[in-house]
Amino acid sequence: MLVFVGLGNTDSKYLNTKHNIGFWALDMFAKKHNLEFKAGKGDFVFAKKDNECILVKPTTGMNRSGNMIRDLLNFYKADIKDLVIIFDDVDLPLGEIRLRLQGGDGCHNGMKSIINSLNTDDIARIKIGIAADDYTRPSEHYVLKPFDNKYEHLVNQVLEFTYDAMSSILKEGVALTSNHFNKQIIGEA
Numbered sequence: 000m001l002v003f004v005g006l007g008n009t010d011s012k013y014l015n016t017k018h019n020i021g022f023w024a025l026d027m028f029a030k031k032h033n034l035e036f037k038a039g040k041g042d043f044v045f046a047k048k049d050n051e052c053i054l055v056k057p058t059t060g061m062n063r064s065g066n067m068i069r070d071l072l073n074f075y076k077a078d079i080k081d082l083v084i085i086f087d088d089v090d091l092p093l094g095e096i097r098l099r100l101q102g103g104d105g106c107h108n109g110m111k112s113i114i115n116s117l118n119t120d121d122i123a124r125i126k127i128g129i130a131a132d133d134y135t136r137p138s139e140h141y142v143l144k145p146f147d148n149k150y151e152h153l154v155n156q157v158l159e160f161t162y163d164a165m166s167s168i169l170k171e172g173v174a175l176t177s178n179h180f181n182k183q184i185i186g187e188a
């Protein structure tokens, strides 16, 4: 069973910020499959799609999600190869995603926590670009603000694109999906 973990922060002041796009991706998947999130046995909420996948949102705060994910994998007796992390990437333009089978944390504190807790960087991930043309540094301030309303359509498109990638991962696996989705950006067929 695949485990999709979306990164975000549950504190109400962060719900509509760019940093929570990993949560939004899971919300879209859940909505399309009529799934509801419920409290897990630990610091997370989850929704399960039959025996195909589980959607998980850590409630620990993004920067402390690693230990929860380690405990979750142990609880479900899931292998790291069945794990896909979904999170925001300020180094990618809004409207693009990147699937990777491994890699460093990319200065993302959520991924840093996960890599440290699992003691490996061989973790599949979907990075969702959030850098719009209004991007300004420091990144910490930019990611903790909502998207301007003028980007709403593009945000919805990239979430649909992420949904398509998640669906493809369920059918074809991460490697084949990354071959297709890393060559495509929104608007291309």
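Going by numbering that gives the first Met the number 0, the final residue of the sequence shown carries number 188, and the count climbs one at a time with no gaps.
Heads up, the beta-carbon is just placed ideally off N, CA and C, and yes, glycines get one too.
Nothing here was measured: the structure is a model prediction, and the numbers come from that model.
For residue i, which residues from the same chain have a beta carbon less than 7 Å from its beta carbon, with the 5 sequence-adjacent residues on both sides left out?
i, result
"D87", "K17, H18, I20, G21, I127, I129 and V142"
"G186", "Residue placement at G186 is flagged as unreliable, the pLDDT there being 49, under the threshold of 50; the coordinate-derived value follows with that caveat. So the list is empty, once near-sequence residues are dropped."
"F28", "L54, Y162 and M165"
"T119", "I79"
"Y150", "L93 and A131"
Taking the CB atoms as reference points, tell me whether residue i and residue j lie closer together than 8 Å.
i, j, result
"L93", "A38", "no"
"L117", "I79", "yes"
"P145", "N15", "yes"
Go ahead and pull the three-state DSSP assignment for residue i.
i, result
"I20", "helix"
"L14", "coil"
"L169", "helix"
"I113", "helix"
"L143", "coil"
Pull the bridge partners of residue i from the DSSP assignment, please.
i, result
"R136", "R136 pairs with nothing; no bridge assigned."
"G5", "I85"
"A174", "For A174, which the question treats as bridged, DSSP gives no partner whatsoever."
"I129", "I129 is not bridged to any residue."
"L153", "Answer is none; L153 lacks a bridge partner."
Near residue i, which residues of its chain fall below 6 Å by C-beta distance, leaving aside the five closest residues on each side in sequence?
i, result
"D70", "G41"
In chain order, what residues of the same chain have a beta carbon less than 8 Å from the beta carbon of residue i, not counting five sequence neighbours either side?
i, result
"V173", "V83, L98, L100 and A123"
"S11", "none"
Entirely enclosed beta strand (DSSP E) segments - the region 18-93, minimum 3 residues:
43-48, 52-57 and 82-92
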